[in-house]
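A.B. asks: From first to last, the protein sequence lines are chains Z and G. Each step along the first sequence adds one to the number in my numbering, with nothing skipped, and position 162 is 162. Each step along the second sequence adds one to the number in my numbering, with nothing skipped, and position 78 is 78.
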Amino acid sequence: MLATFANPAHFMRFSAWATPLCAVIAVVLFAIGLPWALIYSPADYQQGETVRIMYVHVPAAWWGLSIYLFMGVASFVSFVWRHALADIAARAAAPIGATFTAMCLITGSLWGAPTWGTWWEWDGRLTSMLVLFIIYLGYIALRGAVEDEERNARLAAILCMVGLINLPIVHFSVVWWSTLHQPASIFRPGGSSVDPSMLGPLFTMVAAFLALGLALGLMNMRAAIFRRRVETVRLRGANA
Amino acid sequence: MSAFSVAFRRDFALMWSAGGGVVAPLGFFVGAAVLVPLAMGPARDPLAAAGPPLLWVAAALAVLATIERLFQADLEDGSLDQMLLSPTPLELIVLAKGTALWCAIGMPIALAAAPVAIAMQAPLALVPAIVCSVALGMAAFVGAGLVGAALTASVRRGGVLIALIVMPFFAPPIIFGAAVAAVGFGAAFMLLAGCALAYLVLGAFGAAAALRLQAE
Numbered sequence: 001m002l003a004t005f006a007n008p009a010h011f012m013r014f015s016a017w018a019t020p021l022c023a024v025i026a027v028v029l030f031a032i033g034l035p036w037a038l039i040y041s042p043a044d045y046q047q048g049e050t051v052r053i054m055y056v057h058v059p060a061a062w063w064g065l066s067i068y069l070f071m072g073v074a075s076f077v078s079f080v081w082r083h084a085l086a087d088i089a090a091r092a093a094a095p096i097g098a099t100f101t102a103m104c105l106i107t108g109s110l111w112g113a114p115t116w117g118t119w120w121e122w123d124g125r126l127t128s129m130l131v132l133f134i135i136y137l138g139y140i141a142l143r144g145a146v147e148d149e150e151r152n153a154r155l156a157a158i159l160c161m162v163g164l165i166n167l168p169i170v171h172f173s174v175v176w177w178s179t180l181h182q183p184a185s186i187f188r189p190g191g192s193s194v195d196p197s198m199l200g201p202l203f204t205m206v207a208a209f210l211a212l213g214l215a216l217g218l219m220n221m222r223a224a225i226f227r228r229r230v231e232t233v234r235l236r237g238a239n240a
Numbered sequence: 001m002s003a004f005s006v007a008f009r010r011d012f013a014l015m016w017s018a019g020g021g022v023v024a025p026l027g028f029f030v031g032a033a034v035l036v037p038l039a040m041g042p043a044r045d046p047l048a049a050a051g052p053p054l055l056w057v058a059a060a061l062a063v064l065a066t067i068e069r070l071f072q073a074d075l076e077d078g079s080l081d082q083m084l085l086s087p088t089p090l091e092l093i094v095l096a097k098g099t100a101l102w103c104a105i106g107m108p109i110a111l112a113a114a115p116v117a118i119a120m121q122a123p124l125a126l127v128p129a130i131v132c133s134v135a136l137g138m139a140a141f142v143g144a145g146l147v148g149a150a151l152t153a154s155v156r157r158g159g160v161l162i163a164l165i166v167m168p169f170f171a172p173p174i175i176f177g178a179a180v181a182a183v184g185f186g187a188a189f190m191l192l193a194g195c196a197l198a199y200l201v202l203g204a205f206g207a208a209a210a211l212r213l214q215a216e
């Protein structure tokens, strides 16, 4: 199965229709989710209208973290099986994950101002998201710094996997250090503590962010493969 | 003589004497710590609150300042190829280099942390805990630094890049270390010790994997 996905020609055929499809799904989901979340969903009994920031904040946080997990798995596949597409996927996902994480931090800060009365609080979950953001930056910087392509891919894979092992340690230590952020309230034993009328728009937005991330990721991957082809053609031209 | 002790002695001798040797990072640490009261003003109470945590920041920066060339020189002069050819696992040699770095730089800084902490108005009763915790913390920093140095060994002027890569991993030891500086031995000290051990293992394996690629 890995071999099928490793073939760039197969991937290009598949992504040629999957990329616009994901983009269309993202547009549709945002067209439904944004008005539903920002206008038609109920205001919170305590937080009032500010609760609507959640519909951007929570999807950005989930996918910001999930994309890093995805990169860790892709890095493992690329490191162990020298799977070229897995490496391209990890590289393509990094800026998207970093952007989602930054969005989570910014919207969290905007949300904190009216509800907690502060733009920034050095609380456990905020801080570990910030650390995740810096890990993303380190990964992106390393990918930009190593010139040799093959070495670049494998070194970045090591960094990504080391970061993945470290993430729980960082998270645990930071939570141990300070906690103000509310604990997880949707997936928890005993069912969600979020009102069902808010879950509809929330999950629509989560799906919309996923579709957006997939569309952008596939576009990045296609661009990387095209860039590689151009390089190959150029090298051939130079040698001829 | 085992390869571990050869690698340890070679690196220890290099770090102890060459390029300013032990004096340079030690001076950096004390100098950075001196800037704290200069920036904050000499009042006792704020200094007692902020001093020991900033001592930890200075210690972390001292490691970042020394780690850049750790593997670069070996890569350039071919020592790394010799290490790869030797029957000793590269992980063990990397660990020997890390231990040498810890002995040459970590220990002196941990000892220097005592007078610096006292000058920062830390209570005398906490000073032994601070010295021991800085020694452990330096081991954790070295473990994380090994990976950063190995990943960037082929990058010219990779100093800032190492700092960016390694700094997020400094968060746990800094948190536990600063907690020890505030309350003394206890749970935080145990967690710091666990963190240092985990980082040394992770650092040895991660750095060795990266170095194999650098030598290709």
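The C-beta atom is built at its ideal place from N, Cα and C for all residues, glycine as well.
On the criterion of 16 or more Cβ atoms from any shown chain inside 10 Å, does G:Phe-109 qualify as buried, or is it exposed?
C.D. replies: It should be noted that the sequence gives Ile, not Phe, for residue 109 of chain G. Buried.
A.B. asks: Taking C-alpha atoms, which residue in Z:Thr-107, Z:Arg-229, Z:Arg-228 and Z:Leu-214 lies nearest to Z:Pro-20?
C.D. replies: Comparing Cα-Cα distances from Z:Pro-20 to each of Z:Thr-107, Z:Arg-229, Z:Arg-228 and Z:Leu-214, the minimum goes to Z:Leu-214.
A.B. asks: For Z:Ser-173, which residues in chain G fall below 8 Å Cβ to Cβ?
C.D. replies: Within 8 Å Cβ-Cβ: Ala-171, Pro-172, Ile-175, Phe-176, Leu-191 and Cys-195.
A.B. asks: Taking only beta-carbon positions, decide if G:Ile-165 is within less than 8 Å of chain Z.
C.D. replies: Judged by the 8 Å Cβ criterion, G:Ile-165 is in contact with chain Z.
A.B. asks: Which word fits G:Met-190, buried or exposed, when buried means at least 16 other C-beta atoms lie within 10 angstroms of its C-beta?
C.D. replies: It is exposed - the Cβ of G:Met-190 has fewer than 16 other Cβ atoms within 10 Å.
A.B. asks: For the alpha helix (DSSP H) that contains G:Leu-90, what are its first and last residues?
C.D. replies: Unbroken alpha helix (DSSP H) run through G:Leu-90: 90-101.
A.B. asks: Three or more C-beta pairs under 8 Å: does that hold for the region 141-160 of chain G against the region 198-210 of chain G?
C.D. replies: Output reads yes: the region 198-210 of chain G touches the region 141-160 of chain G.
A.B. asks: Should G:Glu-216 be labelled buried (16 or more other beta-carbon atoms within 10 Å of its own) or exposed?
C.D. replies: It is exposed - the Cβ of G:Glu-216 has fewer than 16 other Cβ atoms within 10 Å.
A.B. asks: Could you tell me the alpha carbon to alpha carbon distance between Z:Leu-110 and Z:Gly-72, rounded to whole angstroms?
C.D. replies: Approximately 30 Å between the Cα atoms of the pair.
A.B. asks: With DSSP as the reference, label Z:Asp-44 as helix, strand or coil.
C.D. replies: Three-state result, Z:Asp-44: strand.
A.B. asks: Hey, is Z:Gly-217's beta-carbon within less than 8 Å of any beta-carbon in chain G?
C.D. replies: No - not a single Cβ of chain G is within 8 Å of the one on Z:Gly-217.
A.B. asks: Would a C-beta distance cut-off of 8 Å place G:Ala-62 and G:Met-107 closer than the cut-off?
C.D. replies: Result no, Cβ atoms of G:Ala-62 and G:Met-107 do not sit closer than 8 Å.
A.B. asks: Looking at chain Z, is there any beta carbon in it that lies within less than 8 Å of the beta carbon of G:Ala-210?
C.D. replies: At least one chain Z Cβ lies under 8 Å of G:Ala-210.
A.B. asks: Should Z:Asn-239 be labelled buried (16 or more other beta-carbon atoms within 10 Å of its own) or exposed?
C.D. replies: Answer is exposed; the Cβ neighbour count stays below 16.
A.B. asks: Name, please, each residue of chain Z whose Cβ falls closer than 8 Å to the Cβ of G:Ala-198.
C.D. replies: Under the 8 Å cutoff, chain Z gives Ile-169.
A.B. asks: What's the gap between the Cα of Z:Ala-223 and the Cα of Z:Thr-232?
C.D. replies: When rounded, the distance between both Cα atoms is 14 Å.
A.B. asks: Indicate whether the contact test is met: 3 or more Cβ pairs, each with one atom in the region 111-122 of chain G and one in the region 162-174 of chain G, closer than 8 Å.
C.D. replies: Flag = no, the region 111-122 of chain G and the region 162-174 of chain G do not touch.
A.B. asks: Taking only beta-carbon positions, decide if Z:Trp-122 is within less than 8 Å of chain G.
C.D. replies: It does not: the Cβ of Z:Trp-122 has no partner Cβ on chain G nearer than 8 Å.
A.B. asks: By the criterion of Cβ-Cβ separation under 9 Å, what are the contact partners of Z:Ile-135 in chain C?
C.D. replies: The structure shown contains no chain C; the protein chains it does contain are Z and G.
A.B. asks: Can you tell me where the alpha helix (DSSP H) with Z:Thr-50 in it begins and where it stops?
C.D. replies: Here Z:Thr-50 belongs to no alpha helix (DSSP H), and DSSP marks it neither H nor E.
A.B. asks: On the CB-based measure, 16 or more other CB atoms within 10 Å of its CB, does G:Gln-82 come out buried or exposed?
C.D. replies: So G:Gln-82 ends up on the exposed side.
A.B. asks: Check distances from the C-beta atoms of the region 48-65 of chain Z to those of chain G and list, in chain order, the residues that come in under 7 Å.
C.D. replies: Listed by position, the residues of the region 48-65 of chain Z near chain G (Cβ gap below 7 Å) amount to none.
A.B. asks: I want to see whether chain G comes within less than 8 Å of Z:Gly-242, judged by CB atoms only; does it?
C.D. replies: Nothing in the structure corresponds to residue 242 of chain Z, since chain Z is present only between 1 and 240.
A.B. asks: Have a look at Z:Phe-209 and Z:Ala-60 and give me their C-alpha separation to the nearest angstrom.
C.D. replies: The alpha-carbon atoms of Z:Phe-209 and Z:Ala-60 are separated by roughly 7 Å.
A.B. asks: Alpha helix (DSSP H) containing Z:Thr-127: first to last residue?
C.D. replies: Per DSSP, Z:Thr-127 belongs to the alpha helix (DSSP H) from 124-145.
A.B. asks: In whole angstroms, what separates the C-alpha of Z:His-181 from that of Z:Trp-120?
C.D. replies: With a pLDDT of only 49 at Z:His-181, under the threshold of 50, the placement of this residue in the model should not be trusted; the figure read from the coordinates follows. One C-alpha to the other measures close to 11 Å.
A.B. asks: Under 8 Å, Cβ to Cβ, is there at least one residue of chain G near Z:Ile-165?
C.D. replies: Chain G contact via Cβ: present.
A.B. asks: Here's the rule: buried if 16 or more other CB atoms are within 10 angstroms of the residue's CB, otherwise exposed. What is Z:Arg-234?
C.D. replies: So Z:Arg-234 counts as exposed.
A.B. asks: Per the contact definition of three or more C-beta pairs closer than 8 Å, is the region 120-130 of chain Z in contact with the region 83-98 of chain Z?
C.D. replies: As far as the Cβ criterion goes, the region 83-98 of chain Z does not touch the region 120-130 of chain Z, which means the pair count is below three.
A.B. asks: Among G:Gly-98, G:Arg-9 and G:Ile-67, whose alpha-carbon lies nearest the alpha-carbon of G:Leu-197?
C.D. replies: Ranking G:Gly-98, G:Arg-9 and G:Ile-67 by Cα distance to G:Leu-197 puts G:Gly-98 first.
A.B. asks: If you count every other CB in all the chains shown that lies within 10 Å of the CB of Z:Ala-16, and 16 or more means buried, which is it?
C.D. replies: Per the 10 Å Cβ criterion, exposed.
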